[in-house]
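Numbering of the sequence shown is given in this note's numbering, commencing with residue 585 and proceeding in unit increments.
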Amino acid sequence: MIKPSVLFVLILCIAGYIFAQGFHKTHYQLKRSNGYHTFLISAAIGLFLFAIATFVYIFGMVIAEWVDWRISIGSYVLLDVFQSDISVSEVVLFDVSIIALLLSWILPWGFYRTKERKFSEFMYEFAKDAESPEFTQLLFQSHMHGLPILFTMSDRKIYIGYIYKINAKNFNVINILPYFSGYRDKDTLNLHKITPYHSVIEDLENSSENQVDFETFTIALPLREIVHAHLHDFRYEGHFKEKEEEHKTPDYYL
């Protein structure tokens, strides 16, 4: 049988890992770690959870004395099931470790409550993290404002679309769900939209009973080929074109 001390360390590390994985402040730090760094992060958080679990255990013991009713998972598992020859302190240690394991799941759940809040907190943390990959702030702004991003490629090809996948670690490509594609004029660099992906997708959604698989329309844009990228709001296209025409007239500069 595994020694109680080894089992204690194992449970604490598992508890710390579960908490770090499920909490936005530690999630990306854990993702970017490897080897003994992951172990140290998990162990440190596990010890923190163990400290909280100790107070919970003491409070539970006080309540148990008051209502004259007590339950011990450690006593049941170690003594009744495995019939181990262990001390009372080791049983208590096992109980506190189990409480820490439960807290690793309960605390993040209690903090977020809803999937919407959890998603928002994770997105915000990812966006402001100094170690997040390039374009992170732009991806975050696109999500917050609900606007697509216009990517200008090195061959003057342009894509207007929404980010489909975001990686926590460094990446070489950006996967987008295109709204439009086109090109920039060789001489003036004016924008010309050619392929209306959104119209095709809408037609498929209206004509098919089955749900459209958006992943089949995604495009992978290599980072090294992206010359420029910015948010693109279709509502102001007409206004910009009017101002561009005014700039072309000689009287504008008089």
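Virtual Cβ for every residue (Gly too), placed ideally from N, Cα, C.
Can you tell me whether DSSP reads residue i as helix, strand or coil?
i	result
residue 607	coil
residue 816	coil
residue 824	helix
residue 602	helix
Opposite residue i in the DSSP bridges: which residues?
i	result
residue 594	Residue 594 pairs with nothing; no bridge assigned.
Considering only residues of the same chain and omitting the five flanking positions on each side of residue i, which have a CB-CB separation below 6 Å?
i	result
residue 818	none
residue 759	748, 749, 802, 804
residue 800	none
Select from the options the residue whose C-alpha is nearest the C-alpha of residue i.
i	options	result
residue 844	745, 767, 708	An answer regarding residue 844 cannot be provided, because it is not within the stretch 585 to 838 covered by the chain.
residue 765	726, 696, 617, 744	744
residue 733	778, 810, 771	810
residue 736	695, 635, 599, 767	767
residue 631	682, 694, 693	682
residue 742	698, 701, 816, 595	816
residue 676	626, 706, 591, 624	591
residue 628	775, 602, 738, 777	602
residue 678	774, 770, 594, 776	594
In chain order, what residues of the same chain have a beta carbon less than 7 Å from the beta carbon of residue i, not counting five sequence neighbours either side?
i	result
residue 680	634, 637, 638, 641
residue 727	707
Return the chain-ordered ranges of every alpha helix (DSSP H) run that is complete within the stretch 727 to 809 and spans a minimum of 4 residues.
781 to 791
List in chain order: all unbroken alpha helix (DSSP H) runs of 4+ residues lying wholly within the stretch 670 to 698.
As far as the stretch 670 to 698 is concerned, its whole alpha helix (DSSP H) runs of at least 4 residues are 672 to 696.
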